[in-house]
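In this note's numbering, the protein residues as written are 2 to 406. Report on the following structure.
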């Protein structure tokens with residue numbers, strides 16, 4: 002496996018020159034612009050904080066990017082992962098993220114070592130589409146508190162929704178205003194400009210200017226430390242077997258999602274760039290990254306098609322693009338920390354609401370219903386509902402079981 006990876010690198014960097022280096026640098030900076038607002042938003046929505054999302058994106062870009070199974074993979078925190086993590090945090094507390102991430106990393110690493118990456122291809126497409134839509138719904142519903150400035154309780158989205166009956170639902174209209182500004186900017190921003198200047202970045206900048214100018218009383222991101230070693234992080238002393246046992250089930254869910262997202266991203270990127278993709282090497286890189294990242298205070302990372310496609314379309318030549326994107330995020334952390342600290346949480350919620358809507362595989366969904374593929378529609382619907390009601394592992398198992406009928 003090591004020899005295969007070395008051969009991959011030799012092929013990838015064959016004929017590398019300053020012109021290709023320049024393309025990697027520019028593509029990396031473009032990905033930085035896309036990744037920055039998403040890293041902050043996914044950090045918050047995962048139940049941790051914005052700094053955790055930023056640290057995850059930086060380390061994933063450096064570690065996973067360097068060891069990836071293809072040149073184009075850009076990893077970091079994702080909306081799908083945050084949708085699962087928020088329930089884990091609600092049940093076990095914020096510190097649980099680190100232990101779960103560590104265990105998930107070990108599981109992914111073992112699957113990679115056993116060369117089982119191709120098994121993910123056995124999951125039927127309607128099942129994948131179903132749980133993607135289910136996760137998108139969880140993400141959108143999970144933004145209600147930050148978007149409206151309200152408070153809820155519960156271990157999952159459904160329980161949080163029920164809690165509004167007891168706690169009341171009194172929106173902070175200033176927060177709602179900022180959230181709507183972000184959604185409006187992201188929806189009207191021309192697609193042809195989006196490749197160079199992402200709508201999410203423009204939207205949160207506009208929202209921050211409006212919020213500061215009007216002196217709005219709304220919750221903000223808070224302090225962004227000038228260090229990739231966060232105060233809240235995994236420590237070896239917390240890895241006790243009696244405590245670890247209760248995290249095995251959620252770790253399997255995180256590992257399953259991480260593998261599926263990363264391998265689907267790799268397959269899509271491979272088609273876009275017409276380049277081979279090594280699924281088992283990708284799992285090794287994801288496993289190593291997720292074992293290490295929690296010791297810095299980061300959340301679970303996976304490859305993300307939103308960032309990887311930007312890298313490809315921006316002319317990325319090698320995996321150095323991902324590393325340059327990580328360096329760009331690191332520089333931003335040190336230079337723009339005070340600015341990022343003032344970003345309204347409702348602005349990030351607006352970003353995630355639009356992102357969740359775009360997560361739905363609308364073309365596949367439309368095709369199923371237009372062609373009236375009853376079996377596919379049934380698999381899709383059952384998996385989507387199961388994802389919202391249960392956890393990801395159960396949802397996938399239900400989807401596969403239904404597919405076998």
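From the three backbone atoms N, C-alpha and C, an ideal C-beta is built for every residue, glycine too. Note that the structure is predicted; figures quoted are calculated from it, not measured.
When 52, 15, 388 and 26 are compared against residue 300, the one with the closest alpha-carbon: Residue numbering aside, residue 300 sits at position 299 when the chain shown is read from its first letter. Here the closest residue by C-alpha is 52.
Pairing CB atoms from the stretch 383–399 with CB atoms from the stretch 133–153, are three or more of them under 8 Å? yes
Which word fits residue 74, buried or exposed, when buried means at least 16 other C-beta atoms lie within 10 angstroms of its C-beta? Mapped onto the chain shown, residue 74 falls at position 73. Buried, since its Cβ has 16 or more Cβ neighbours within 10 Å.
Skipping 5 residues on each side, what residues in its chain have a beta carbon closer than 7 Å to that of residue 9? By one-based count along the chain shown, residue 9 stands at place 8. 279.
Option in 369, 318, 177 and 234 with minimal Cα separation from residue 351: Within the chain shown, numbered from 1, the residue matching residue 351 stands at position 350. When only C-alpha atoms are compared, the closest one is 177.
Secondary structure at residue 72, three-state DSSP: helix, strand or coil? Locating residue 72 in the chain shown gives position 71, counting from the first residue. Coil at residue 72, not helix or strand.
Among residues of its own chain, excluding the 5 on either side of residue 274, which ones have a beta-carbon nearer than 6 Å to its beta-carbon? Taking the first residue of the chain shown as 1, we reach residue 274 at position 273. Answer for residue 274: 73 and 313, listed in chain order.
Are the stretch 44–62 and the stretch 87–98 touching, with three or more C-beta to C-beta distances below 8 Å? yes
Residue environment, residue 15, which counts as buried when at least 16 other CB atoms sit within 10 Å: Residue mapping note: residue 15 aligns to position 14 of the chain shown, counting from 1. Its Cβ having fewer than 16 others within 10 Å, residue 15 is exposed.
Which whole-angstrom value is the C-beta distance of residue 290 and residue 71, which I expect to be below 8 Å? What you label residue 290 is simply residue 289 of the chain shown in a count that begins at 1. What you label residue 71 is simply residue 70 of the chain shown in a count that begins at 1. Residue 290 to residue 71, Cβ: 15 Å. No contact.
Taking 8 Å as the cut-off, does the stretch 104–111 touch the stretch 339–358 (at least 3 CB pairs, one atom from each stretch)? no
Could you check if residue 320 is buried or exposed, using at least 16 other CB atoms within 10 Å of its CB as the buried criterion? If you number the chain shown from 1, residue 320 lands on position 319. Buried, by the Cβ-count rule.
Could you give the distance in angstroms between the alpha-carbon of residue 127 and the alpha-carbon of residue 83? Here residue 127 refers to the residue found at position 126 when the chain shown is read from its first residue. Here residue 83 refers to the residue found at position 82 when the chain shown is read from its first residue. Using only the alpha carbons, I get a separation of about 22 Å.
In chain order, which continuous runs of the alpha helix (DSSP H) of length 4 or greater are located wholly inside the stretch 307–365? 321–336, 338–342 and 346–360
Among 121, 227, 179 and 206, whose alpha-carbon lies nearest the alpha-carbon of residue 407? Any property of residue 407 remains undetermined from this structure, which presents the chain solely from 2 to 406.
Return helix, strand or coil for residue 280, following the three-state DSSP convention. Taking the chain shown and counting its residues from 1, one reaches residue 280 at position 279. The answer is helix: DSSP assigns residue 280 an H, G or I state.
Pick from 210, 205 and 85: whose alpha carbon is nearest that of residue 396? Within the chain shown, numbered from 1, the residue matching residue 396 stands at position 395. Nearest option by C-alpha distance: 85.
Evaluate the contact criterion for the stretch 98–105 versus the stretch 368–376: three or more CB pairs, one atom per stretch, below 8 Å. no
Return the CA-CA distance between residue 204 and residue 189, expressed in angstroms with no decimal places. As a position in the chain shown, residue 204 is number 203, starting the count at 1. As a position in the chain shown, residue 189 is number 188, starting the count at 1. Residue 204 and residue 189: Cα-Cα distance of roughly 10 Å.
Using beta-carbon positions only, say whether residue 254 and residue 394 come within less than 7 Å of one another. If you number the chain shown from 1, residue 254 lands on position 253. If you number the chain shown from 1, residue 394 lands on position 393. Contact: yes.
Taking all protein chains shown into account, decide if residue 3 is buried (16 or more other Cβ within 10 angstroms of its Cβ) or exposed. As a first step, residue 3 must be located in the chain shown, where it is residue number 2. Result: exposed.
Would you grab the beta carbon distance between residue 318 and residue 24 for me? Rounded to a whole angstrom, and I think it's under 8 Å. By one-based count along the chain shown, residue 318 stands at place 317. By one-based count along the chain shown, residue 24 stands at place 23. Right, their Cβ atoms sit about 5 Å apart.
As assigned by DSSP and simplified to three states, the class of residue 459: Nothing about residue 459 can be reported from this structure: the residues present for the chain run from 2 to 406 only.
With a Cβ-Cβ cutoff of 7 Å, do residue 316 and residue 28 count as a contact? What you label residue 316 is simply residue 315 of the chain shown in a count that begins at 1. What you label residue 28 is simply residue 27 of the chain shown in a count that begins at 1. Yes.
Contact set for residue 308: own chain, Cβ-Cβ below 7 Å, skip 5 residues either direction: The residue labelled residue 308 in the question sits at position 307 within the chain shown. Closer than 7 Å at Cβ, skipping near neighbours: 32, 35, 36, 75 and 77.
How is residue 151 classed by DSSP in three states: helix, strand or coil? By one-based count along the chain shown, residue 151 stands at place 150. If DSSP states are grouped into helix, strand and coil, residue 151 belongs with coil.
According to DSSP, simplified to helix, strand and coil, what is residue 15? For the purposes of this step, residue 15 is taken as the residue at position 14 of the chain shown. Three-state DSSP puts residue 15 in coil, outside helix and strand.
Shortest alpha-carbon distance to residue 207 belongs to which of 223, 186, 222 and 197? Here residue 207 refers to the residue found at position 206 when the chain shown is read from its first residue. Looking at the Cα atoms, 186 is the closest of the given residues.
Pick from 402, 359, 324 and 302: whose alpha carbon is nearest that of residue 22? Here residue 22 refers to the residue found at position 21 of the chain shown. It is 324 whose Cα lies nearest to the Cα of residue 22.
Just curious, the alpha helix (DSSP H) that residue 170 is in, first and last residue? If you number the chain shown from 1, residue 170 lands on position 169. No alpha helix (DSSP H) holds residue 170; DSSP gives it neither H nor E.
Please report the distance separating the alpha-carbon of residue 261 from that of residue 121. Taking the first residue of the chain shown as 1, we reach residue 261 at position 260. Taking the first residue of the chain shown as 1, we reach residue 121 at position 120. Going from the Cα of residue 261 to the Cα of residue 121 covers about 6 Å.
If we ignore side chains and look at the alpha-carbon of each, how far apart do residue 258 and residue 266 end up? To locate residue 258, count along the chain shown from 1; it is residue 257. To locate residue 266, count along the chain shown from 1; it is residue 265. Looking at the two C-alpha atoms, the distance is approximately 12 Å.
Residue environment, residue 359, which counts as buried when at least 16 other CB atoms sit within 10 Å: Position 358 of the chain shown, counted from the first residue, corresponds to residue 359. With fewer than 16 Cβ atoms within 10 Å of its Cβ, residue 359 is classed as exposed.
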